[in-house]
Structures are given as C-alpha cells and as structure tokens.
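Report on the structure given below.
Numbering (this note's numbering), first residue to last: 389 to 675.
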C-alpha cells in the first residue's frame, strides 16, 4: 500500500483513534502525515481550534498591553471564553505567533536618608496575611519623565496585593508620604494594622511616626540596606514600570499621571494574579 493511501485511511480514522497510534500502526511518521494533509489542503479540527486559540491569545495580548506570560494568558482565556487550554499548548502557540510577555527591569539601588526614628523589623519578611488590613507595605519609586522624575508613593495590602492608596508628586518629600498614609486611613480601618517601609528619611521622621501612633498603626522597617525585607513592594513597582510606563511616550505630565491612574485601576480590578487563584486583587477581596 502506498504511503498516500495509508495517510488517507489515517485521516478517516483520526476522529476515532489517536493519530500517533494510527501512524505507528501504519508504519508512517506523523510529520509525513501532516505534510500530506497540508498538501491536500485538509484542515483538521485541532488546527481549526489552534487558530481560534491564537486569536484569543492575540486579543489578550492587545488588551493587557503584552504583559501576560503563558500562564496568565491561559487564565485569561478561561476567564473570558470559558475555555480550558493546557499551558504548554498556550506556550507553543504564543511562540508560533512571536508573542511574549514584557520583561521587568531591575530597580536601581538608592541611598536611604538620615535615620531619626527607626522601628524594628516586625514584618520580618512574613508577607502572608490572612485578612485585609493586617499587613500593609509602602515605598516610593521614581518614574522617569523627559529628563526629570515624578515620584510615586504607594501602599499595598499583603492580603490580596491591592494598592489601597497612592500619590504622585514632583518632590520625594515627607508630604508625599504623609498624604499617602492619610489616604489609606480614610479608605480603610487602619487600627492595629502593621505598616512596613524601608528606612528612608520620610519614614524615620517624627511626623510620620506621630501620624501612625495617632491612628494605632504599628510601624515596621526593613533592615538597613536590605531590599529583600520589602521585596513585595519593589516587585509591584517593577511590574508597573515594565507593564505600563515603558510602553508609550508621554508628552505631558498630565498624560503620565493619567496613565498611572489607569494602570492602578487595571492592576486592582482586572489584572489576574497566580497567588490569588488568577483573580484580580479586588475580585479576591470580595469573593
């Protein structure tokens, strides 16, 4: 029997039996079978499905600005189309499409300010919280803009990684930090919450500690020069810079701030996270 006749029989039985087994039984290679299929212009159901999945991948890639790797793309497809796809298949199809997630850049090191009031490291790298408003972490990062910088101060709840407050300023000063904490206090019940920071001069100031004491907030600080003690906050800033700020070119400060506002909404309400069972922070909190 000629190979093309064997291929024809395999094609007829392919809906009932595995192609790999049929090829082995017929003494032909799978690559030869698929090559024959292409020559005949025959499109299998699996190929049709792959094309559908590719369209879903491209849609996801566009909607999230290319920030999702194959695990999150898999979760996005399940969430938006109700379709379960193996992560290895998603990876392979993304590779065929030339689609990949954007890689985060490492945050450059910076020097902390002079010490004033230094709290102990109460958090001690225990980044797990069993309920909202148990543990908050805070930090400041710079956002490059047309040869200068804007400064972003944010507070994150370790229960669901939600950014509960943030402020943007041209100055990396005490006012930026104080206003961020006040915003968080207005939104949440902060009594008894642990608030962890590094030993930057804003966080060691008397005014900062007086504010925390007045609202029964427990201060915690990283060890000097140890970025791992606040790694979860630096991780968020790394995501923000790679997923949002580096993408477009902003002409005005207002455009930059608006883009940060949009990213914060996306991060809190839409961006799924593996740690949260592929829910967004807000979805996880209200589930």
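Each residue gets a CB set at the ideal place from its N, CA and C atoms; glycine is no exception. Keep in mind that this is a model prediction, so the values were computed, not measured.
Please classify residue 408 as buried or exposed, where buried requires at least 16 other C-beta atoms within 10 Å of its C-beta.
exposed
What's the C-alpha gap between residue 645 and residue 674?
28 Å
Would you mind giving the Cβ-Cβ distance between residue 479 and residue 456, rounded to the nearest angstrom? I have them listed as a contact below 8 Å.
Going by Cβ atoms, the distance from residue 479 to residue 456 rounds to 12 Å, so no, they are not a contact pair.
Quick one, which of 514, 658 and 641 has its alpha-carbon nearest residue 533's?
641
Decide if residue 439 is buried, meaning its Cβ has at least 16 other Cβ atoms within 10 Å, or exposed.
exposed
Among 540, 618, 450 and 451, nearest to residue 562 - alpha-carbon criterion
540
Just to confirm the assignment, what range does the beta strand (DSSP E) spanning residue 608 have?
606-609
Reduced DSSP secondary structure (H/G/I, E/B, other) of residue 532:
strand
Mind checking which residues open and close the beta strand (DSSP E) that includes residue 555?
550-557
Within 10 Å of its beta-carbon, does residue 518 have 16 or more other beta-carbons around it, so buried, or fewer, so exposed?
exposed
Presumed contact (8 Å Cβ cut-off) between residue 365 and residue 579, rounded CB distance
There is simply no residue 365 to check, as the chain begins at 389 and stops at 675 in what is shown.
Taking the alpha helix (DSSP H) that residue 668 falls in, what are its first and last residues?
Here residue 668 belongs to no alpha helix (DSSP H), and DSSP marks it neither H nor E.
Here's the rule: buried if 16 or more other CB atoms are within 10 angstroms of the residue's CB, otherwise exposed. What is residue 512?
exposed
Would you tell me roughly how many angstroms separate the C-alpha atoms of residue 416 and residue 401, rounded to the nearest one?
15 Å
Could you have a look at residue 543 and say whether DSSP puts it in helix, strand or coil?
strand
Where does residue 397 land, buried or exposed, given buried means 16+ other C-beta within 10 angstroms?
exposed
Would you say residue 591 and residue 609 are within 8 Å of each other, going by their C-beta atoms?
yes
Comparing alpha-carbon positions, which option in 626, 652, 576 and 543 lies nearest residue 565?
543
So, is residue 602 buried or exposed, given that buried needs 16 or more other C-beta atoms within 10 angstroms?
exposed
Please go through the same chain and pick out, in chain order, the residues whose beta-carbon is closer than 8 Å to the beta-carbon of residue 481, but skip the five residues on each side of it.
438, 441, 442 and 445
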